[in-house]
Structure formats: C-alpha cells, structure tokens
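Each residue of the sequence shown is one higher than the last, beginning at 1 in the UniProt record's numbering.
Just so you know, even glycine gets a beta-carbon here, dropped at the ideal spot from N, CA and C.
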Amino acid sequence: MACLFCQIVEGTQPADIVYTDEDVIGFRDINPQAPQHVLFIPRRHVSTINDFGSEDAALIGRLTLAAQDYARQQGFDEEGYRVVMNCNHLAGQTVYHVHLHLLAGRPLHWPPG
C-alpha cells in the first residue's frame, strides 16, 4: 500500500491543499490541534527525519520557508505560530512521510503534551 502522503502528492488522495511549490505541498490536518494546523511535506518520500542526508539540507530549509511563507500569507506571522517535526513513534509520528506541523490561532503553551 502506498504512503498516504505520497497519494496526496500524486493527487489520488483528497486533501485541502493550501500551499504548493516545486518541492513542498501544504495541506490542512484532518485532526487539527489549533485553528490553523497545516502539514508541510516534501513531494519526495522521506520516511523520517533520520532518513535525511546532508544532500537534503535545501529541502529541509524549503519546508521551513514554506511554513513561513504560509504564515505571512495568512497574516499570523507576527502574532506567532509553532512548527514541529516528530521523528518515530515515541515522538508521535503516525504517518511515515516527513512532515512539518504549523500550528497557530490560539495560545500554544510550553511544554506541549
């Protein structure tokens, strides 16, 4: 069975896509934890952060810049937002395709969970 997020990239799985560029797609989380909860994924399948190599530095940066871009477009960049990447099951990763969570629109306390 193909990766759920790869299916979103391929267009065979529906998603509320809110951001797209050559390397990254952003879509609304189906179980949002904040009024704004968007997942940013690389178009290329990478299972976990541990699978990135030094050759992926630009792609890792692209994920962060995509989140920043989206926050600016939506007008909450100055108010504040959180970005999170989970790696493997103890950190809460449930879909094994790297994704960056952007959360905004409410106070986000520390430490989380």
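With a threshold of 16 other beta carbon atoms within 10 Å, I41 meets it and is buried.
Distance from the CA of R82 to the CA of D23, rounded to the nearest whole angstrom, comes to 21 Å. Unbroken beta strand (DSSP E) runs of no fewer than 3 residues, entirely contained in the UniProt domain "HIT" (4–113), are found at 17–20, 24–28, 36–42, 81–84, 100–104, following chain order. Between the segment 47–59 and the segment 74–89, the count of Cβ pairs shorter than 8 Å is three or higher; the stretches touch. Using a C-beta cut-off of 8 Å, the segment 1–15 makes no contact with the segment 65–77, since fewer than three inter-stretch Cβ pairs fall below that distance.
Between V9 and R43, the CB-CB gap stays under 8 Å.
Annotation for L63: V24, F40, P42, L100 place their beta carbon closer than 7 Å to its own, counting only its chain and skipping 5 residues before and after.
When the five nearest sequence neighbours on each side are left out, the beta carbons in the same chain lying within less than 6 Å of the beta carbon of L108 are those of R82, in order along the chain. Cβ-Cβ separation between A104 and A34: approximately 6 Å, consistent with a contact (criterion under 8 Å).
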